[in-house]
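This report concerns only the one structure given below.
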Amino acid sequence: MEQSESQRPQVSRLALFLSFSQITLSAFGGAIFWTRRTLVERRRWLTEREFLELLTLGQLLPGPNVLNLTVMVGYRFAGWTGAAAAAAGFLGWPCLVVVGMGQLYYHFGAVPQVQRALAGMSIVAAALLLATVIKLGIVLPRRWRPWLFGALAFVGVGVMRWPLLWVIGGLVPLGVFVAWKELD
Amino acid sequence: MQQVDLIALFLHFLALWFVAIGGPSTILPEVYRYVVDVQHLMTSAQFAEIYTLAQVAPGPNVMYVTLMGWHLAGWRGAAATTIPLLVPATTLTLLVGHLNERYPDARISRAIRSGVMPITLGLMLAIATILMRAVAHDWHGYLIALLTIGVALRKSLNPLWLLAGGALAGILGFL
Chain A
461 MEQSESQRPQ
471 VSRLALFLSF
481 SQITLSAFGG
491 AIFWTRRTLV
501 ERRRWLTERE
511 FLELLTLGQL
521 LPGPNVLNLT
531 VMVGYRFAGW
541 TGAAAAAAGF
551 LGWPCLVVVG
561 MGQLYYHFGA
571 VPQVQRALAG
581 MSIVAAALLL
591 ATVIKLGIVL
601 PRRWRPWLFG
611 ALAFVGVGVM
621 RWPLLWVIGG
631 LVPLGVFVAW
641 KELD
Chain B
3 MQQVDLIALF
13 LHFLALWFVA
23 IGGPSTILPE
33 VYRYVVDVQH
43 LMTSAQFAEI
53 YTLAQVAPGP
63 NVMYVTLMGW
73 HLAGWRGAAA
83 TTIPLLVPAT
93 TLTLLVGHLN
103 ERYPDARISR
113 AIRSGVMPIT
123 LGLMLAIATI
133 LMRAVAHDWH
143 GYLIALLTIG
153 VALRKSLNPL
163 WLLAGGALAG
173 ILGFL
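Chains A and B, in that order, are what the protein sequence lines are.
Quick note, the numbering used here runs 460 ahead of the 1-based positions in the first sequence.
Quick note, the numbering used here runs 2 ahead of the 1-based positions in the second sequence.
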């Protein structure tokens, strides 16, 4: 069960670059699913527990969570250059693909069928975001504190349209302080 | 297309990523407010289209910032919005990732986890409703949204199928 330091697999920079390229190019509709599948099930570079720990950490740190995970995995196996190789594989290809799709859209975007298809997909995309919120909200503890902070964040940004920096700057220190007190 | 101040765009995204705790969804409302409400660089419908295109493309959903930069000012715009992504990851993440292997269960990390999570969810809910109002104009749109949520909550279907269903509904003239 426990994986000791000596059993940690040897992973080259090239393997990091190629694996994260493969992950990102197959990641339709969110990257976490594919990242776990590749790193844990297929390559066996990380155990489930190690993956979960790195993902949680990636979520707590500023920046895109899966990119943070990518950088930490690269660093763990091959230091700074490993982190650079993994991040280059993970972000490089999608940059090219997404701009290519943008090009196509500006050529064919005026076609009515494309417009209508995109209108339908926009609604589904927004609904998928709502479904994710509901799924994550189910695991939120049934106590007033987390629900109050969630509601305040929603009203501040979604209803009052206040700048995010104000809302986060006001709510996050308070939220962490209250949670700190609860841990007593 | 109007002239875009790329340096201001770069600095704004750089500042955003340092507060983007909980993933890229947390900065979505602020990106929207900045480019649509404050700078008037695009309409809310264009914003929703760019977000959707990036969701359909392979790769992390955060690539919408790249597409947005490219839409505003070509490759230089894409660089101005994408490079800031990497800055917190290469500084804070490596530093904290290193420290974490020594102190994984410190009280402060548990307090941050428990304190920040609900705020992240509230912010995600905010942007989901803002986007929904921009794209769904009548009960047809809301019906598709409800169906999508219902399926997404019950089945672990690849989201691509749902997006394809939305595209089909649009093409068939349901919207």
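All C-beta atoms in this analysis are idealised placements derived from N, C-alpha and C, irrespective of residue type, glycine included.
Checklist entry - Do A:L643 and A:L631 have their CB atoms nearer than 9 Å? => result It is not a contact, given that the beta carbons lie outside the stated cut-off.
Checklist entry - A:W604 versus chain B: which residues are under 8 Å apart at the beta carbon? => result Ordered by position in chain B, no residue passes the 8 Å Cβ test against A:W604, which lies about 11 Å from the chain.
Item to check | CA-to-CA distance, B:A22 to A:P633, given in whole angstroms | outcome: Rounded to whole angstroms, A:P633 to B:A22 spans 14 Å at the Cα level.
Checklist entry - Where does A:R504 sit, in a helix, a strand or coil, going by DSSP? => result Under the three-state reduction of DSSP output, A:R504 falls in the coil class, being neither helix nor strand.
Next on the checklist: Taking 6 Å as the limit between beta carbons, can you name the residues of its chain near A:F537, skipping five residues before and five after?
Outcome noted: Correct list, in chain order: V471.
Checklist entry - Of the residues that make up the segment 614-627 of chain A, which ones have a beta carbon closer than 7 Å to any beta carbon in chain B? => result For the segment 614-627 of chain A, which is checked against every Cβ of chain B, the residues closer than 7 Å are F614, V617, G618, R621, P623, L624 and L625.
Next on the checklist: For B:H73, report the span of its alpha helix (DSSP H) as first-last.
Outcome noted: Counting along the chain, the alpha helix (DSSP H) containing B:H73 begins and ends at Y66 to P90.
Checklist entry - In its own chain, which residues sit with a C-beta less than 8 Å from the C-beta of A:L660, not counting the 5 before and 5 after it? => result Here chain A covers residues 461 to 644 and nothing more, so residue 660 of chain A does not appear.
Next on the checklist: DSSP three-state label for B:N63, please.
Outcome noted: Here B:N63 sits in helix by DSSP.
Checklist entry - chain B beta carbons: is any one of them nearer than 9 Å to that of A:M461? => result In this prediction, A:M461 scores a pLDDT of 39, lower than 50, which makes its location untrustworthy; the coordinate-derived value is nonetheless stated afterwards. Using a Cβ-Cβ cut-off of 9 Å, A:M461 does not count as an interface residue toward chain B, since no Cβ of chain B sits closer than that to its own.
Item to check | Interface partners of B:A75 on chain A, CB under 9 Å | outcome: In chain order: nothing, as chain A lies at least about 12 Å away.
Item to check | Neighbourhood of A:I483 by C-beta distance below 6 Å, restricted to the same chain and skipping five residues each side | outcome: Excluding residues within five positions, the ones whose Cβ falls inside 6 Å are W494, T495 and T498.
Next on the checklist: Between B:M70, B:H73 and B:Y34, which has its C-alpha nearest B:L133's C-alpha?
Outcome noted: It is B:Y34.
Checklist entry - Leaving out five residues before and five after B:E80 in sequence, what residues of the same chain have Cβ atoms less than 8 Å from its Cβ? => result Before going further, note that residue 80 of chain B is Ala rather than Glu in the sequence given. By the criterion of a C-beta distance shorter than 8 Å, B:A80 is surrounded in its chain by T68, L69, G71 and W72, once the five residues flanking it on both sides are discounted.
Checklist entry - Between A:V627 and A:G616, is the Cβ-Cβ spacing less than 9 Å? => result Taking 9 Å as the Cβ cut-off, A:V627 and A:G616 qualify as a contacting pair.
Checklist entry - Going along chain A, which residues have a C-beta under 7 Å from B:S116? => result The answer, in chain order, is A639.
Checklist entry - What's the call for B:A147, buried or exposed, on a 16-neighbour Cβ count within 10 Å? => result Counting the other Cβ atoms within 10 Å of the Cβ of B:A147 gives 16 or more, which makes it buried.
Checklist entry - Rounded to a whole number of angstroms, what is the C-alpha to C-alpha distance between B:H139 and A:G597? => result Distance between the alpha carbons of B:H139 and A:G597: 27 Å.
Item to check | Pairwise C-alpha distance: B:L165 and A:E462 | outcome: Caution applies to A:E462, whose pLDDT of 43 falls short of 50 and renders its modelled position unreliable; the model cannot decide the point.
Checklist entry - Does DSSP put A:S472 in a helix, in a strand, or in coil? => result In this structure, DSSP gives A:S472 a state outside helix and strand, which the three-state scheme calls coil.
Checklist entry - Looking at A:W553 and B:P60, is the spacing between their C-beta atoms short of 9 Å? => result Yes, these two residues count as a Cβ contact at 9 Å.
Next on the checklist: Check for me: the alpha helix (DSSP H) holding A:G630 runs from which residue to which?
Outcome noted: Under the DSSP assignment, A:G630 falls in the alpha helix (DSSP H) whose first and last residues are L624 to E642.
Checklist entry - Going along chain A, which residues have a C-beta under 7 Å from B:A130? => result Those within 7 Å of B:A130 in chain A are A586, L589, L590 and V593.
Item to check | Distance between B:L96 and A:E513 (C-alpha atoms, nearest Å) | outcome: In this structure, the alpha-carbon of A:E513 lies about 14 Å from that of B:L96.
Checklist entry - Straight-line CA distance for B:F20 to A:N525? => result About 12 Å.
Checklist entry - So which of B:S116, B:R109, B:G76 and B:T84 has the shortest CA-CA distance to A:Q563? => result Closest option to A:Q563, judged by alpha-carbon separation, among B:S116, B:R109, B:G76 and B:T84: B:G76.
Checklist entry - Would a check of beta-carbon distances place B:W19 closer than 9 Å to chain A? => result It does: the Cβ of B:W19 has a partner Cβ on chain A nearer than 9 Å.
Checklist entry - Between the Cα of A:I583 and the Cα atoms of B:G143, B:V37 and B:D7, which residue gives the shortest distance? => result Closest option to A:I583, Cα to Cα, is B:G143.
Checklist entry - For a contact meaning CB atoms closer than 9 Å, what does A:G630 contact in chain B? => result Contact note: A:G630 does not reach chain B at a C-beta cutoff of 9 Å; the least C-beta distance is about 10 Å.
Checklist entry - Using a Cβ cut-off of 7 Å, which residues of the segment 519-548 of chain A contact any Cβ in chain B, in chain order? => result Taken in chain order, the members of the segment 519-548 of chain A whose beta-carbon sits within less than 7 Å of a beta-carbon on chain B are Q519, L520, L521, P522, G523, P524, N525, V526, L527, N528, V531, M532, Y535, A543 and A547.
Checklist entry - What three-state label does DSSP hand B:Q41 in the structure shown? => result Coil, per DSSP.
Next on the checklist: By the three-class DSSP mapping on this structure, what secondary structure does A:P601 have?
Outcome noted: In the displayed model, A:P601 falls within coil according to three-state DSSP, outside both helix and strand.
Checklist entry - Is DSSP giving B:K157 helix, strand or coil here? => result DSSP places B:K157 in coil when its eight states are reduced to three.
Item to check | Close-in-space but distant-in-sequence residues of the same chain around A:K595 (CB under 6 Å, 5 per side omitted) | outcome: The answer is none, since no qualifying residue turns up.
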